[in-house]
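Going by my numbering, the sequence shown opens with residue 87, and the numbers climb by one from there.
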Amino acid sequence: MMSDSAPTVTGTWATRWTFILAASGSAIGLGNIWKFPFITGENGGGAFVLVYLICIAMVGIPIMMSEVLIGRHARHNPITAMGQLARESGASRLWGGIGWMGVLAGIMILSFYSVVAGWSLDYTVELFAGNFNGKTGEEVGKAFGEGLLQDVPKLTLWHTVFMALTALVVALGIHKGLENSVKLMMPALFILLIGMLIYSATQTGHFGEGFAYLFDFDFSKLSVDAVLAALGHSFFTLSLGMCAIMAYGAYMPKQASIGSTVITVAILDTAVALVAGLVIFPIVFANGMEPTQGPGLLFVSLTTAFAQIPGGQILGGVFFLLVSIAALSSSISLIEPSAAWMTERFNMGRATSVVILSVIVWIFGMGCLLSLNEWSGEEYQVFGMGMFDLFDFLTANIMLPLGGMFIAIFAGWIMKRSVVLNELALKSLVRFNLWRAMTRVISPLAVFIVFVVTLYQKFNGA
Ligand code: PFF
Numbered sequence: 087m088m089s090d091s092a093p094t095v096t097g098t099w100a101t102r103w104t105f106i107l108a109a110s111g112s113a114i115g116l117g118n119i120w121k122f123p124f125i126t127g128e129n130g131g132g133a134f135v136l137v138y139l140i141c142i143a144m145v146g147i148p149i150m151m152s153e154v155l156i157g158r159h160a161r162h163n164p165i166t167a168m169g170q171l172a173r174e175s176g177a178s179r180l181w182g183g184i185g186w187m188g189v190l191a192g193i194m195i196l197s198f199y200s201v202v203a204g205w206s207l208d209y210t211v212e213l214f215a216g217n218f219n220g221k222t223g224e225e226v227g228k229a230f231g232e233g234l235l236q237d238v239p240k241l242t243l244w245h246t247v248f249m250a251l252t253a254l255v256v257a258l259g260i261h262k263g264l265e266n267s268v269k270l271m272m273p274a275l276f277i278l279l280i281g282m283l284i285y286s287a288t289q290t291g292h293f294g295e296g297f298a299y300l301f302d303f304d305f306s307k308l309s310v311d312a313v314l315a316a317l318g319h320s321f322f323t324l325s326l327g328m329c330a331i332m333a334y335g336a337y338m339p340k341q342a343s344i345g346s347t348v349i350t351v352a353i354l355d356t357a358v359a360l361v362a363g364l365v366i367f368p369i370v371f372a373n374g375m376e377p378t379q380g381p382g383l384l385f386v387s388l389t390t391a392f393a394q395i396p397g398g399q400i401l402g403g404v405f406f407l408l409v410s411i412a413a414l415s416s417s418i419s420l421i422e423p424s425a426a427w428m429t430e431r432f433n434m435g436r437a438t439s440v441v442i443l444s445v446i447v448w449i450f451g452m453g454c455l456l457s458l459n460e461w462s463g464e465e466y467q468v469f470g471m472g473m474f475d476l477f478d479f480l481t482a483n484i485m486l487p488l489g490g491m492f493i494a495i496f497a498g499w500i501m502k503r504s505v506v507l508n509e510l511a512l513k514s515l516v517r518f519n520l521w522r523a524m525t526r527v528i529s530p531l532a533v534f535i536v537f538v539v540t541l542y543q544k545f546n547g548a
């Protein structure tokens, strides 16, 4: 444990906008472009989207503000920050556990995240090379399920390339690495996405259908599992509950307003998810395919569409390039909390800590990767899930909501009111009280209720 007199992190983002870019870079990723469309499909479309939007507004935004405020006030990595603020508030050192759970969740998420990002890198190359041109749905399905997912050397290669890229950016530090890369990646991503949206709106002839699928709120399709998925996804997509945003908050300039900055990030993230849906569903419908097919939605349905349409080779290549960029700007934030902790705690070079962590993640990632093929048998499963699905389930549905709940309770109940008031510096007391009501009561209660109902359902065999 570091002493109170330990030097705080030295760097700060150049401007408020750099923080916005970095935090949106973290938030916008595979969660928006790969996961959001397929879980929306699995959970029946519009009603799920509505619950997800409510979770973002009522739970996500207040918790993101809490993370930034904790990080910026402490100006340390999350583990040290939580321990220090707990002491400062006269609370138990156990609160430091939130930082530990965050670091663990980051490593677990990155393990499977890197594998999926690897698929995306592979598809970027394959599509640009024209290898999917003219293939039928069945052939594309086979190329994914029986081809790529079974090809351990290829999967390993791309997983390794992606981890190496992530490590490189993080090792270069917050200015040269994180700041420079997001300044380049985020505008590129927005431009590519808008281009794709124009295509989907004008060329597919099924834009209205895609739009209705996302925004027709049919509550008869909503299940309790769907509510848990919506809550979990709102944490995942905003990078909450595992201290990534807290780590970024530690570098946030003092004069920047936390409230408006966080709302901007949440709006950007939500907009990208909705636009991704508006790009993907019309293309899927235009090709007579089903939106319900799970993780393969992007890699099978959408890719079949790219294989069939004129210009799909380029369009598809560009699309997967976009997905890879979005993944990279998120993966760097998955490793930043632990890298910052190791660098501060052991006084070691940033590059050394990043290399050690990346090797650990790479090994876990190999476990996730093998659980899709060599280790897909029941003897390798826990709760009926292989390592890939288990890590996804444990992090998105359990660790992130729990982490977020404790962060909210910490900011709302444990930290001194005067400290929080000063750090948030909201324009009016009404806004402050609103934030406080959300973090003290609404967010923790929402997470708690969803958990209890889910457990109840599971025990009743529903
Ligand atoms: N928000 C990222 C996405 O939507 O892809 C995933 C993620 C990044 C989750 C960073 C958690 C995190 F700390």
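Backbone N, C-alpha and C define an ideal beta-carbon position, used for all residues, glycine too. Values in this document were obtained by computation on a predicted structure and should not be read as measured data.
The three-state reading of DSSP puts residue 338 in coil, since its state is none of H, G, I, E or B.
Close CB contacts of residue 131 within its chain, under the 6 Å cut and outside five residues either way in sequence, are with 299 (chain order). Residue 185 sits away from residue 337, with the two beta carbons spaced by 7 Å or more.
For the pair of segments examined, the segment 401 to 415 was found not to touch the segment 328 to 346: the number of CB pairs separated by less than 8 Å stays below three.
Taking C-beta atoms as the reference points, residue 169 and residue 182 count as a pair closer than 7 Å. With a beta-carbon spacing of about 28 Å, residue 272 and residue 450 fall beyond the 8 Å limit used to define contacts.
At a Cβ-Cβ threshold of 7 Å, residue 458 and residue 235 count as neighbours. Residue 497 is positioned such that its CB atom lies closer than 7 Å to that of residue 152.
Contact check for residue 428 against residue 439 passes: the beta carbons are separated by less than 7 Å. Residue 215 is not a Cβ neighbour of residue 248, given a cutoff of 7 Å. Shown here for residue 379: same chain residues with a beta carbon closer than 8 Å to its own, the five before and five after excluded, namely 124, 127, 386 and 387 in chain order. Not a single heavy atom of the ligand PFF lies less than 6 Å from the C-beta of residue 523. Contact check for residue 483 and residue 314: beta-carbon distance about 6 Å, within the 8 Å limit, so the pair qualifies.
In the three-state reduction of the DSSP assignment, residue 471 falls in the strand class. Within its own chain, the residues whose Cβ lies closer than 8 Å to the Cβ of residue 536, once the five positions on either side in sequence are excluded, are 313, 314, 317 and 487, listed in chain order. With 16 or more other Cβ atoms inside 10 Å of its own Cβ, residue 430 counts as buried. By the CB criterion at 7 Å, residue 406 and residue 267 fall outside the cutoff.
Within the same chain, and ignoring the five residues on either side of residue 187 in sequence, the residues whose Cβ sits closer than 7 Å to its Cβ are 485 and 489. Residue 478 counts as buried, since no fewer than 16 other beta carbons sit within 10 angstroms of its beta carbon. Ranked by Cα distance from residue 421, the options 411, 343 and 199 are led by 199. For residue 303, the three-state secondary structure derived from DSSP is coil. DSSP places residue 261 outside any alpha helix (DSSP H), giving it a letter other than H or E.
Nearest in C-alpha terms to residue 434, of all of 257, 109 and 462, is 257. Per DSSP, residue 319 is one residue of the alpha helix (DSSP H) stretching across 310 to 323.
In the three-state DSSP reduction, residue 462 falls in the coil class, being neither helix nor strand.
Rounded to whole angstroms, the gap between the alpha carbons of residue 177 and residue 500 is 7 Å. When the Cα atoms are used, residue 455 and residue 241 turn out to be separated by approximately 7 Å.
Contact between the segment 107 to 122 and the segment 342 to 358 is established, with three or more Cβ pairs separated by less than 8 Å.
Counted as a single uninterrupted DSSP element, the alpha helix (DSSP H) harbouring residue 398 occupies residues 398 to 431. Counting along the chain, the unbroken alpha helix (DSSP H) around residue 244 starts and ends at 238 to 257.
In this structure, the straight-line span from the alpha carbon of residue 108 to that of residue 330 is close to 11 Å.
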